[in-house]
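Reviewing the structure listed below.
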Amino acid sequence: MSSPIRQGEPYSPSRTTEIIDELNREGYVYLGPTLEPDEVAALRSAMERMWADPAMHEPERNQIAGISLMRMFEYDNAFRDLIAREPFASLAEAVLGENCHMLAQNALRTEPDPERKGGWHLDDLVHFPLNDEIERHDPRMVMPVMVMQIFVPLTDIDEVQYGPTEVVPRSHYAGRRPNDPENPSFDGQGPVSILAKAGDAYLFNNQIWHRGAPNGSDRIRYLGGVTYSKRFVSQKLWPFIDYQMPEHVWEGASPRLQRLLGRHEKGAYG
Ligand SMILES: [Fe+2]
5 MSSPIRQGEP
15 YSPSRTTEII
25 DELNREGYVY
35 LGPTLEPDEV
45 AALRSAMERM
55 WADPAMHEPE
65 RNQIAGISLM
75 RMFEYDNAFR
85 DLIAREPFAS
95 LAEAVLGENC
105 HMLAQNALRT
115 EPDPERKGGW
125 HLDDLVHFPL
135 NDEIERHDPR
145 MVMPVMVMQI
155 FVPLTDIDEV
165 QYGPTEVVPR
175 SHYAGRRPND
185 PENPSFDGQG
195 PVSILAKAGD
205 AYLFNNQIWH
215 RGAPNGSDRI
225 RYLGGVTYSK
235 RFVSQKLWPF
245 IDYQMPEHVW
255 EGASPRLQRL
265 LGRHEKGAYG
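The numbers in this note's numbering rise by one with no breaks, and the one at position 103 of the sequence shown is 107.
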């Protein structure tokens, strides 16, 4: 089954270095326009079809908290092919290693709810926690990136009312969770909104403090993407030990895409 997702072009070595420097320093990078309109349309329609499918609403099956749609690569090849699309795949390999993989692929569907508050978090756990008496990680350190999130808005999220991703720059140096549920700040810097058009892309270290701002508009916010990680961070594909990737996901997949899906060479521990 083919999809309209392009192969794309990797960034030049110098642009890749710039992006990685910015990711290391700020914890996030806005990459700018990346996907073509037909790619965006295919990804959004996959999310709409998935949401409209009653089987997808069985308890715990395919979503978290009614917002996050899980394992999108299983459901539509546009999402599967996004995992190996350039410039994302080469960037993930440059940041996380040549043997990196897709950790998960959740898409976010956020209905209007201007009253929703808070939501500030970092993803999963604090990788390098600090004791209370230590204020922050030394800025001379380069914090290792274990998990990198790439997001591609599938609707325009170019005003605050549409619920952009917000981040607190450099908070991946905090060594702790967000310091305020509504208005966190790090080193004198508060949140910034990543305003983006459909088809733009941005990425962040999963240790940065972030949230989806409340959707105060009258339209649903659609956000696609890929979560990549270093090989040693296990993939998070529910139901975990019992997970079997469906065969159709492999069909027509290049060796590189198969590796990104988790078909690894032998390595440390196995
Ligand atoms: Fe998150």
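Ideal Cβ positions, reconstructed from N, Cα and C, are used throughout, including at glycine.
Small disclaimer: the values here were computed from a predicted structure and weren't measured.
- In this structure V146 is exposed. Its beta-carbon is surrounded by fewer than 16 other beta-carbon atoms within 10 angstroms.
- The C-beta of G228 has 16 or more other C-beta atoms within 10 Å across all chains shown, which makes the residue buried.
- Under the DSSP assignment, A93 falls in the alpha helix (DSSP H) whose first and last residues are 92 to 100.
- Rounded to whole angstroms, R180 and I161 show a C-alpha spacing of 29 Å.
- Sequence-distant partners of R140 (beyond 5 residues in either direction) whose C-beta falls short of 8 Å from its own C-beta, in its chain, are L134, Y177, A178, G179, F190, D191.
- Beta-bridge analysis with DSSP links I161 to A200.
- Partner residues in the beta bridge of Y32, as assigned by DSSP, are F208.
- If you ignore the 5 residues before and after D128, its C-beta comes within less than 8 Å of the C-beta of V151, N210, all in its own chain and listed in chain order.
- The beta carbon of G167 is closer than 8 Å to those of T114, I161, G216, A217, P218, N219, G220, S221, R225 in its chain, skipping five residues each way along the sequence.
- Counting only the Cα atoms, P250 lies some 15 Å from R263.
- For Y79, the uninterrupted alpha helix (DSSP H) segment begins and ends at 76 to 79.
- In this structure, D128 has its beta carbon at no less than 6 Å from each heavy atom of ligand 1.
- The alpha-carbon separation between P259 and L265 amounts to approximately 10 Å.
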